[in-house]
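Our numbering applies: residue 5 is where the sequence shown begins, and numbers increase by one.
Glycine is no exception: its CB is placed at the ideal position from the N, C-alpha and C atoms.
Structure, as structure tokens:
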Amino acid sequence: MTAAGTIRRFPRPVEPWVPPLPYDELETLRNKIRAWRPFDGEALLDDVAVALDDVLPAEEDIEEIAQRLRGHLTQLVTIALAAEEDQRDATSAQLIEQARTLRAEDVPGDHWKAIGHLRRMGWTVNELLERLVAVRCVAAVA
Numbered sequence: 005m006t007a008a009g010t011i012r013r014f015p016r017p018v019e020p021w022v023p024p025l026p027y028d029e030l031e032t033l034r035n036k037i038r039a040w041r042p043f044d045g046e047a048l049l050d051d052v053a054v055a056l057d058d059v060l061p062a063e064e065d066i067e068e069i070a071q072r073l074r075g076h077l078t079q080l081v082t083i084a085l086a087a088e089e090d091q092r093d094a095t096s097a098q099l100i101e102q103a104r105t106l107r108a109e110d111v112p113g114d115h116w117k118a119i120g121h122l123r124r125m126g127w128t129v130n131e132l133l134e135r136l137v138a139v140r141c142v143a144a145v146a
């Protein structure tokens, strides 16, 4: 607005905005952004501690703990793949493959086998995190 209260117009026509992607691709991108969760190293370490602790988790909590560990495995694998660590480092590639395998497995129905599964997942989360810290893909978590 000018001092007299009138609106200034552009002296030449302005091109209408054109979206950078088709609508369905923009919608997919929006949904991915909404679903994104930042890396939370403290929550990751808390879940690893629960899985590896001497005190066994209650049977009714196992599925929830496994789901959180799957989320950590997914996030760590995504970080490692984005940094192409699977191509640079054999240890990282092995841990990524192990993480994918564990993430895809269902929690066994037997309580002791379920505890073993949780511990394997917790151990893999911990090892992959340590590896990514060592190769500087992730900052050290206190």
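With fewer than three CB-CB distances shorter than 8 Å, the segment 110-122 does not count as touching the segment 76-93. Taken atom to atom, the span from the alpha-carbon of VAL81 to that of ILE100 is near 6 Å. Secondary structure at ARG38: helix, using DSSP grouped into helix, strand and coil. Sequence-distant partners of MET125 (beyond 5 residues in either direction) whose C-beta falls short of 6 Å from its own C-beta, in its chain, are LEU73, LEU106. In the structure shown, ASP50 falls within a helical segment according to DSSP collapsed to helix, strand and coil. Nearest neighbour of ALA39 by Cα position, chosen from VAL111, GLU131, GLY75, turns out to be GLY75.
Distance between ARG16 and PRO23, taken at the CA atoms: about 22 Å.
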